[in-house]
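Asks: Here it is, the structure in full.
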DNA sequence: GAAGAAATGTAATAATATTACATTGTATTC
DNA sequence: GAATACAATGTAATATTATTACATTTCTTC
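Protein chains in written order, with the working numbering: chain G, 1 to 190; chain E, 1001 to 1190.
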């Protein structure tokens, strides 16, 4: 029963298979982990892969469901442990307002594996669209610089930050004004 | 039996009684609501009063418990509805990372009732101490200005923001170095 | 004082997250 | 290559936070 035909021998259960593109990102992530002396196990890889397949933030229990289809029946701690690991190693972000998770953009556009975690800390800022649920990670260091400055003045030792902006993205805003050609601001849909 | 010596007559159940100081803040809050055409009911006043009595962020279910001692047996929606109201009117903030609530500082130091909600939007930035759990609201407009600028560039319509910095506050940092034999003041009750 | 709107009461349940402990897998040392 | 120690995972139960749906009450306005 234990004969899994896996040359590299790493998983008791076969991992999900993802698109070549995502597999590539997963390989990058694995390299980052190795570099940090951390182990990218099959479980963690699967969770990260699933997060990467989503265009939008994913909740822990969504991931749990998706893991189940693989023939396994994991429980919440399985997912939360993987998420904790991925968070710790800067591979994903948690969107506080949504209790959901997205990949770090640096992973998506990965080429510079070196100052990855540094960059992650610097750019953990998000625009959340209430309409289409898309979350965009902002590449801007000004906000963090300001926060650092403030904290320095207050002698506050900064460990982590979250900056989240909720509103309507350009695309959805355009959609709306297209739907209502004449009147724009009068309707309040909530 | 129904003779509550309350001129304005608003509560079916007697509201909590708070310290003069907090009552004063509650009066301010009530004034702000009136100004906005909103009703500060006994229920909402009680919840806000309870939040004001806490030195630290309070969870919804903590508030629920505290409301119960008054002889009532409210259910979660009661508290959440009050919280929603208080949030909408800029009287409290929700700390996303803690799923907890704190009064808006403008309420604590209230004298300028006029541009209250404006100011609130501008300063919804918090320093969260992991050690003593104290949350400090930062009075700084730079961060929001930066965010506005970014959003303008992206054509993102900004509706609300949260900026949270987690770390160790000056006081706790000092406490820690005081643990190591040297100098510094070390007395403090939570 | 009746109609309609706002607020509250109530029961049930959904969604998110953690604890505690047993088991398995992996790396290392002898 | 067995013994060990530690990291990772499995599993069951439960804690915490939040919402839905609908009945009832209260308030405002006419």
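Backbone N, C-alpha and C define an ideal beta-carbon position, used for all residues, glycine too.
1. Considering only the alpha carbon of each residue, which of G/178, G/109 and G/130 lies closest to residue 25 of chain G?
2. Quick check: the segment 1161-1177 of chain E against the segment 147-161 of chain G, are at least 3 beta-carbon pairs closer than 8 Å?
3. Please classify residue 1075 of chain E as buried or exposed, where buried requires at least 16 neighbouring CB atoms within 10 angstroms.
4. Residue 89 of chain G and residue 38 of chain G look like a contact to me (Cβ under 8 Å); what is the Cβ gap, rounded to whole Å?
5. Any contact of the segment 77-97 of chain G with the segment 125-136 of chain G, i.e. 3+ C-beta pairs under 8 Å?
6. Is the distance from the Cβ of residue 1143 of chain E to the Cβ of residue 146 of chain G below 7 Å?
7. Taking 6 Å as the limit between beta carbons, can you name the residues of its chain near residue 59 of chain G, skipping five residues before and five after?
8. Is residue 134 of chain G close to chain E? Criterion is C-beta to C-beta, closer than 7 Å.
9. Can you tell me whether residue 106 of chain G is buried or exposed, with buried defined as 16 or more other CB within 10 angstroms of its CB?
10. In the segment 42-99 of chain G, which residue ranges form an unbroken alpha helix (DSSP H) of at least 4 residues, counting only runs that do not cross its ends?
11. Under 8 Å by Cβ, that's how I've got residue 1057 of chain E and residue 1102 of chain E pegged, so tell me the actual separation to the nearest angstrom.
12. Using beta carbons (cut-off 7 Å, strictly below), is residue 1092 of chain E in contact with chain G?
13. Helix or strand or just coil, what does DSSP make of residue 114 of chain G?
14. Quick check: what's the CA-CA separation for residue 1033 of chain E versus residue 63 of chain G?
15. Where does residue 138 of chain G fall in DSSP's three states?
16. Measure the alpha-carbon distance for residue 1158 of chain E versus residue 173 of chain G and round it to whole angstroms.
17. Could you work out which residues of chain G lie near residue 1158 of chain E, taking near to mean beta carbons separated by less than 7 Å?
18. Does DSSP classify residue 172 of chain G as helix, strand or coil?
19. From which residue to which residue does the alpha helix (DSSP H) around residue 1033 of chain E run?
20. Are residue 155 of chain G and residue 1170 of chain E close, meaning C-beta to C-beta below 7 Å?
21. Excluding the 5 residues flanking residue 1114 of chain E on each side, which residues of the same chain have their C-beta closer than 7 Å to its C-beta?
22. How far does the alpha helix (DSSP H) with residue 130 of chain G in it reach, from first residue to last?
23. Could you give the C-beta distance for residue 82 of chain G and residue 44 of chain G, rounded to a whole number, given that I count them as a contact under 8 Å?
24. Would you say residue 155 of chain G lies against chain E (beta-carbon separation less than 7 Å)?
25. Any beta-carbon of chain E closer than 7 Å to the one on residue 19 of chain G?
26. Can you list, in chain order, the residues of its chain with a C-beta nearer than 8 Å to that of residue 66 of chain G? Leave out the 5 residues immediately preceding and following it.
27. Taking Cβ positions only, does residue 1146 of chain E come closer than 7 Å to chain G?
28. Considering only C-alpha positions, which residue in the set G/84, G/178 and G/77 is nearest to residue 40 of chain G?
29. Rank G/71, G/91, G/53 and G/73 by C-alpha distance to the C-alpha of residue 31 of chain G and give the top, closest one.
30. Between the alpha carbons of residue 1046 of chain E and residue 1079 of chain E, how many angstroms are there, rounded?
31. Which word fits residue 124 of chain G, buried or exposed, when buried means at least 16 other C-beta atoms lie within 10 angstroms of its C-beta?
32. Which residues in chain G sit within 8 Å of residue 1151 of chain E, going by Cβ to Cβ distance?
Replies: Reading off the structure:
1. G/109
2. yes
3. exposed
4. 6 Å
5. With the rule of 3 Cβ pairs closer than 8 Å, the segment 77-97 of chain G counts as touching the segment 125-136 of chain G.
6. Yes, they are a contact pair.
7. 100
8. no
9. buried
10. 42-53, 60-68 and 76-88
11. 5 Å
12. no
13. In this prediction, residue 114 of chain G scores a pLDDT of 48, lower than 50, which makes its location untrustworthy; the coordinate-derived value is nonetheless stated afterwards. In the three-state reduction of the DSSP assignment, residue 114 of chain G falls in the coil class.
14. 43 Å
15. coil
16. Residue 1158 of chain E and residue 173 of chain G: Cα-Cα distance of roughly 11 Å.
17. Within chain G, the residues whose beta carbon sits less than 7 Å from that of residue 1158 of chain E are 165 and 167, listed in sequence order.
18. helix
19. Taken as a continuous stretch (DSSP letters only), the alpha helix (DSSP H) holding residue 1033 of chain E covers 1020-1035.
20. yes
21. Low local confidence applies: a pLDDT of 47 at residue 1114 of chain E is under 50, so the model's placement there is unreliable, and no value is given.
22. Premise fails: residue 130 of chain G is in no alpha helix (DSSP H) and is neither H nor E.
23. The pair is a contact, with the Cβ atoms about 5 Å apart (cut-off 8 Å).
24. At least one CB atom of chain E sits nearer than 7 Å to the CB of residue 155 of chain G.
25. no
26. So the qualifying residues of the chain are 50.
27. yes
28. G/84
29. G/91
30. Put simply, the backbone Cα of residue 1046 of chain E is about 10 Å away from that of residue 1079 of chain E.
31. Residue environment analysis places residue 124 of chain G among the buried positions, since at least 16 neighbouring C-beta atoms fall within 10 angstroms of its C-beta.
32. 127, 165 and 167
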